[in-house]
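See below for the structure under consideration.
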Amino acid sequence: MATMASAAAASASARRWRWRWKWRTRDAVLALLIASVLAPPLLLYGGAPIAPFSGPILMGSAASGLDLSNLIARKEVRERLNALKQDAFAAVKEPIQDHTADRPPEKTTDTTSEDSDIRAISNNTSHSTASPDSTIRVLRDQLKRARTYIGFLSSRGNHGFIKDLRRRMRDIQQALSGATNDKQLPKKYYLSHRYTKFFTVGISDDDLCLVSGVHGRIREMELTLTKVKQVHENCAAIISKLQATLHSTEEQMQAHKQEANYVTQIAAKALPKRLNCLAMRLTNEYYSSSSSNKHFPYEEKLEDPKLQHYALFSDNVLGAAVVVNSTIIHAKTPENHVFHIVTDKLNYAAMRMWFLENSQGKAAIEVQNIEDFTWLNSSYSPVLKQLESQFMINYYFKTQQDKRDNNPKFQNPKYLSILNHLRFYLPEIFPKLNKVLFLDDDIVVQQDLSALWSIDLKGKVNGAIQTCGETFHRFDRYLNFSNPLIAKNFERRACGWAYGMNMFDLSEWRKRNITDVYHYWQEQMLLISVVLTIYLTKGICSSFLQNEHRLLWKLGTLPAGLVTFWNQTFPLDHKWHLLGLGYKPNVNQKDIEGAAVIHYNGNRKPWLEIAMAKYRKYWSKYVNFDNVFIRQCNIHP
3 MATMASAAAA SASARRWRWR WKWRTRDAVL ALLIASVLAP PLLLYGGAPI APFSGPILMG
63 SAASGLDLSN LIARKEVRER LNALKQDAFA AVKEPIQDHT ADRPPEKTTD TTSEDSDIRA
123 ISNNTSHSTA SPDSTIRVLR DQLKRARTYI GFLSSRGNHG FIKDLRRRMR DIQQALSGAT
183 NDKQLPKKYY LSHRYTKFFT VGISDDDLCL VSGVHGRIRE MELTLTKVKQ VHENCAAIIS
243 KLQATLHSTE EQMQAHKQEA NYVTQIAAKA LPKRLNCLAM RLTNEYYSSS SSNKHFPYEE
303 KLEDPKLQHY ALFSDNVLGA AVVVNSTIIH AKTPENHVFH IVTDKLNYAA MRMWFLENSQ
363 GKAAIEVQNI EDFTWLNSSY SPVLKQLESQ FMINYYFKTQ QDKRDNNPKF QNPKYLSILN
423 HLRFYLPEIF PKLNKVLFLD DDIVVQQDLS ALWSIDLKGK VNGAIQTCGE TFHRFDRYLN
483 FSNPLIAKNF ERRACGWAYG MNMFDLSEWR KRNITDVYHY WQEQMLLISV VLTIYLTKGI
543 CSSFLQNEHR LLWKLGTLPA GLVTFWNQTF PLDHKWHLLG LGYKPNVNQK DIEGAAVIHY
603 NGNRKPWLEI AMAKYRKYWS KYVNFDNVFI RQCNIHP
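Each residue of the sequence shown is one higher than the last, beginning at 3 in the working numbering.
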């Protein structure tokens, strides 16, 4: 028994010494680990003293003066240091590729939001090391998501989240700092600025965060993004609501666009009160004047084919005045220029009075009344028959609810005026001339145009700039290719051209019988108009009447010009004629200043209130605002 007792005592003593040796070894290892973890932070901490523990230090079970608060404090610190050690070593480890997709599905268990956050962070920060820039891609992805959340949070007043996200974004951007691969990213340890309180007793678990290099910043950003996501977990409902709002807004915007377009078309049709005043005062002056000399000088130049002749057909006195004035100002030899102006009966006296009162130097001026062209009647011109048809009258003047085309552009009554169709009768109007430069009344001349008469048109009749640069200026925009007659004779994607400044070779015109070509196509349109009129008067087949695709082309003079001068148009250099000042808000200023002719084609004419102010100056500088009639009608720049 004594032997057994002594053996048991020896065994107990040996176990006690082995336990003590093992514990001392474990303490040594733990001390080394603590030193390795705390050394960098202590260096970063700048040597600030750490708050000491209160009370005597406990040394095993033999310590005296045991204090329960000190024991709890030491236990908490030991746990935090252990957690700190694990976080620090985990941070420097190379990220491991996530293979959760290959694992079998686990049973669903109740988890807390913290567990979900940890799992989300783990999944999002895990990335493959196969690519040398995998970490950079993760950082950039986080930046994109953060920017998206900031935009969404700003509208809801979450300033706390915004401030935190921006701080994280700065950290990520600092980590990137121009790096192109993962090896260029910073690897050194650092302590986040919000965790300096770690070195004082009483630090909370939320503030315990020793992060290392880029991966620590990734974890911080992912944690913040996860919190933001939880705040806005009902994003699907918000997106649906926003989509519905967007759809409703788009419909309202489209309705407002249509309304604005309609109002703009109405404004473009209307004659401004000031211009009407000008025409009325000039007319009154013309008929009340006692002067017997109401003839223009240089009448002998009107039929001289060696001179440079211009054709201008307009009922706008001020528009015609600007065209003539700007042309003569820039002409090198004004005495060689002859202007043939044709207007209607209503504005004939006003037009003559203006040019009689405003001398154009040595340039010749002729003002004619379209009523004097007795040869131009419905028996000769199919277009006059068409314009006088019941179908056209109903098309222009019927009530709004019966209109087939909601766009009033093609209901503009100016298309009923034969002035717009005179351009197809130039050889008849000027039988002794060989070349004529046709000008619209909404253009401004900025250079000498004499060189146009020396351009070889290569046997073509019409010299004009092409408009292929814009997709809507193709033939299929103006012509109805569902009609077999159009589809058979023209190419759908053929390049269109522009009216406004056109050089017409009248000799080639006569040789190729272009007027007969124009009459042929107008007769085809007239046949369709007659059929539509018959159905209209009988009140049957309303669907046929409402089908505007029965027409050959859209109303206006350009579509008729496209079919008349098919394969008879020579393309001029674009420097001669610049389009768009009546509808384009972004025409290049250098292009405007470098063009020989600028054209206010579109609804926003320079004499209207709806004109674009930045383009009006190019037109208004050729208006004599000191003229007595201009002042009386309160016309100003």
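Cβ coordinates follow ideal geometry from the N, Cα and C atoms, glycine included.
A buried status is given to Y620, since no fewer than 16 other beta-carbon atoms sit within 10 Å of its beta-carbon. Rounded to whole angstroms, the gap between the alpha carbons of Y585 and Y602 is 8 Å. If the five residues before and after D450 are omitted, its C-beta is found closer than 6 Å to the C-beta atoms of H332, A333 and K334, all from its own chain and listed in chain order. Taking the CA atoms as reference points, K364 sits about 13 Å from L304.
Under the DSSP assignment, D450 falls outside any alpha helix (DSSP H); it carries neither an H nor an E label.
DSSP, reduced to helix, strand and coil, places E368 within a strand of the structure shown. Of the candidates L389, M505, K513 and C279, M505 places its Cα closest to the Cα of F440.
As DSSP reads the structure, D507 sits in a beta bridge with K437. Nearest in C-alpha terms to A352, of all of N327, Q362 and R283, is R283. Apart from the 5 residues on each side of it in sequence, S456 has no Cβ closer than 6 Å to any other Cβ in its chain. Burial of S316 is indicated by the presence of at least 16 other C-beta atoms within 10 angstroms of its C-beta.
Taken through DSSP and simplified to helix, strand or coil, G465 comes out as strand. V463 sits close to Q570, with the two beta carbons spaced by under 7 Å.
Put simply, the backbone Cα of L320 is about 13 Å away from that of L314. Nearest to W555 by alpha-carbon distance, out of I431, V438, N485 and R168, is N485. Between H579 and A500, the beta carbon gap of about 7 Å places them in contact (Cβ cut-off 8 Å).
With a beta-carbon spacing of about 42 Å, T247 and L187 fall beyond the 8 Å limit used to define contacts. Assignment of beta-bridge partners to R476 by DSSP yields C497.
Looking from the CA of R142, the closest CA among D166, V216 and G162 belongs to V216. The beta carbon of L435 lies closer than 8 Å to those of E305, P307, H311 and L508 in the same chain, with the five residues before and after it left out. The shortest CA-to-CA distance from G461 to any of E510, P429 and L421 is the one to E510. Of the other Cβ atoms in all chains shown, fewer than 16 fall within 10 Å of the Cβ of Y522; this residue is therefore exposed. Contact between I330 and P336 is confirmed by a C-beta separation of about 5 Å, below the 8 Å threshold.
Residue environment analysis places I268 among the exposed positions, since fewer than 16 neighbouring C-beta atoms fall within 10 angstroms of its C-beta. Ranked by Cα distance from V230, the first of R479, V385, F567 and R149 is R149. Ranking I164, K185, R618 and I174 by CA distance to the CA of D135 puts K185 first. The alpha-carbon of A466 is positioned some 20 Å away from that of S328. Following the DSSP letters along the chain, one finds I343 inside the beta strand (DSSP E) bounded by residues H339 to T345.
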